[in-house]
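Numbering (full-length UniProt numbering), first residue to last: 1 to 577.
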């Protein structure tokens, strides 16, 4: 080609290569589509004709040095333009793929496959895009290694950086890969109903359906109204104690001897108890605003051997009128022992008592086998005869045993014409805390007592252990036999309350309060053969057997006084007024 036509040819080549860069294949639907940066190639110009760029290699280096050829490789050239702007020769067109036309990159040999020929007449057709790619999905085979390499020395410094092609990996099987064109998503068909929608239930109404609806509503309303009425009458019928006057309150800032009297004796208080009650400060004292009743071992005072044999013990300050309850002699031959435990029993017998009213005691119960804490009341005077004819009110009794003891709260009034005819089985109640024991914390034990009812509860009236209405005579309630044996004769069972207040006697007399911590006993409070009980109630040597098992049951008593003691935080007594 002549030199006169070279500028024209070169200009057209430059213009064609820059303006015919294929569109981006990123799947954009932009109209018109966003054009990529136009690269500027100088493959058909001489070095002297290329515009000078301060970032390019000097011209004398370009003129003197030839660009080394890139050897053939199955891997893509990282400096090659993206596949979307590369055209291929006609021989590389995939059969059966319509609408795709390519122009030959170069007519040179295989050595120039990766390098544009700057001297050949066909250089002006480099990287020309002959036709646009249709939107129909198809598969085109791209032959790796057919993309011409453009050296950085012929790029304009303000051109966009080349797009890095995906690197070839060991998992590529051959130099031919398949590229899937992005398919056009098919619009989903609408599921919206068209036309008029039939609603037969709005026109044909079943009268029985309406009736059933109103019947259901009426039954529900009757249930709600009935429940409300039941709740109202249940609340209204709860008996109340009426007006109360506080007659005694002790928060135990000190031990007030004007209120509390210590009972001192060794007789067992009619229950065959194994402790002796003392007036020692080791067994009852006030500390940190609380009253402590603490059990201790007699062997710590006189020695364990003396408890079992050869020792005479007389308790000082005995308050019992029975002299046999003021001392004991241990004898291993007869099985007699000194009471193996020392404890305390306090009462308001000389200070305060109530006839109808309320009692409230805040206390924490002890832990330990065979411990027997109690909050109870006895009559000031035996108006109807000796115990139990004149009655007894047990506000709270408990056992310290872990398995069958201190979770059970038993509260009961005891009464009967004779000790062997005790109606306790007809007038008792209990409450069990199944998750925790009452030895874990302080609880409020209460008695409410009026001429019409008696109620005991723990913390709240909902947890009442006993609620007893005075609606029938106690003699009839006790279901006592008509006759009883009196020696060799039978006599009619007497009614000791026949002259008392109807349905209330013997609980129509003043009662005083007692706080004590007993140990063991033979009255049946601790059932035989339960919890490895070391004695039998009917045995004459029951206390001796209990003393011999001291090592086993004392091991269950906590060494910390806070857990072993019966601790009372406060006591209040109200009189009906």
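Ideal placement from N, C-alpha and C gives every residue a C-beta, glycine not left out.
| Check | Outcome |
| --- | --- |
| In three-state DSSP terms, what is residue 354? | strand |
| Between 249, 572, 291, 276, which lies nearest to residue 447 when the distance is taken from Cα to Cα? | 572 |
| According to DSSP, is residue 578 part of a helix, a strand, or is it coil? | As displayed, the chain neither begins before 1 nor continues past 577, which places residue 578 out of reach and without an answer. |
| For residue 577 and residue 392, I'd like the C-alpha separation in whole angstroms. | 23 angstroms |
| Do residue 367 and residue 557 have their C-beta atoms closer together than 9 angstroms? | yes |
| Taking the runs of the beta strand (DSSP E) that are 3 residues or longer, which of them lie wholly in the region 260 to 329? | 275 to 277, 284 to 287, 290 to 293, 311 to 314 |
| So residue 501 packs on residue 508, CB below 8 angstroms; how close in whole Å? | 4 angstroms |
| Opposite residue 571 in the DSSP bridges: which residues? | 250, 361 |
| Looking at the structure shown, is residue 349 part of a helix, part of a strand, or coil, going by DSSP? | coil |
| Return the CA-CA distance between residue 560 and residue 382, expressed in angstroms with no decimal places. | 40 angstroms |
| Helix or strand or just coil, what does DSSP make of residue 485? | strand |
| For residue 202 and residue 227, what's the separation of their Cα atoms in angstroms? | 37 angstroms |
| Which word fits residue 289, buried or exposed, when buried means at least 16 other C-beta atoms lie within 10 angstroms of its C-beta? | exposed |
| Could you check whether residue 293 and residue 325 sit closer than 9 angstroms to each other, using their CB atoms as the reference points? | no |
| What does a CB cutoff of less than 6 angstroms around residue 575 pick up in its chain, not counting 5 residues either side in sequence? | 245, 247, 354, 357 |
| Tell me whether residue 445 sits in a helix, a strand or coil according to DSSP, three-state version. | strand |
| Quick check: the region 200 to 217 against the region 422 to 442, are there 3 or more CB pairs under 8 angstroms? | no |
| For the beta strand (DSSP E) that residue 374 lies in, which residues bound it at each end? | 371 to 379 |
| The beta strand (DSSP E) with residue 434 in it runs from where to where? | From DSSP, residue 434 is part of no beta strand (DSSP E); its letter is neither H nor E. |
| What do you reckon, are the CB atoms on residue 552 and residue 527 nearer than 9 angstroms? | no |
| Under the three-state reduction of DSSP, which class applies to residue 493: helix, strand or coil? | coil |
| Compare the C-alpha of residue 296 against each of 235, 287, 276, 305 and name the closest. | 276 |
| Classify residue 192 as helix, strand or coil using the three-state DSSP reduction. | coil |
| Got a sec, what are the start and stop residues for the beta strand (DSSP E) residue 460 sits in? | 460 to 469 |
| Is the distance from the Cβ of residue 427 to the Cβ of residue 461 below 9 angstroms? | no |
| Are three or more beta carbon pairs between the region 264 to 283 and the region 231 to 242 nearer than 8 angstroms? | no |
| According to DSSP, simplified to helix, strand and coil, what is residue 577? | coil |
| Under 9 angstroms between the Cβ atoms of residue 260 and residue 347? | yes |
| Taking 8 angstroms as the limit between beta carbons, can you name the residues of its chain near residue 441, skipping five residues before and five after? | 364 |
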